[in-house]
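Read through the structure below, which is laid out as structure tokens, and then see the notes.
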Amino acid sequence: MISLPTRRTSLRGQTYEGERLLLSAAVATKLYRCPSCREPLGIGADHIFVRYLDADPPWDHEHWHTRCVSERLLRTFATVHEVPAPKRPRPQRRSRR
Ligand SMILES: [Zn+2]
2 MISLPTRRTS LRGQTYEGER LLLSAAVATK LYRCPSCREP LGIGADHIFV
52 RYLDADPPWD HEHWHTRCVS ERLLRTFATV HEVPAPKRPR PQRRSRR
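Our numbering applies: residue 2 is where the sequence shown begins, and numbers increase by one.
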């Protein structure tokens with residue numbers, strides 16, 4: 002059983018299709034819509050920031066409900082492991098080289 006991201010720990014996952022994702026804990030600074038359930042994610046809500054490491058902006062990130070990540074996204078991972086959380090996740094910056 003893999004634990005969800007925290008402020009100190011992110012998750013690196015690879016799907017069965019070979020897509021590489023980085024999941025980080027985040028707090029919503031504006032209103033988002035979860036791409037999984039299509040329900041809104043309110044300002045101030047704890048949620049999961051999902052970065053697609055192989056995609057280009059603006060399609061390289063999404064904001065998911067924590068429960069949607071644990072119930073749906075984690076199941077698509079062939080491999081997953083914990084990594085240190087980025088200091089400050091930003092949608093427009095790529096943290097990988
Ligand atoms: Zn959701």
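Beta carbons: idealized from backbone N, C-alpha and C, even for Gly.
All of these numbers come straight from a predicted model, not from anything done at the bench.
The beta carbon of HIS66 sits closer than 7 Å to at least one heavy atom of ligand 1. Apart from the 5 residues on each side of it in sequence, THR7 sits with its Cβ closer than 8 Å to the Cβ of ALA26, ALA86 in its chain, given in chain order.
Between ligand 1 and SER37, a heavy atom-to-CB distance of less than 7 Å is present.
The beta carbons of LEU42 and HIS64 sit closer together than 8 Å. Proximity to LEU54 across VAL70, THR67, THR30, GLN15 peaks at GLN15, based on C-alpha coordinates.
Between the beta-carbon of ALA29 and that of ALA56 there is about 21 Å, and that puts the pair past the 8 Å contact cut.
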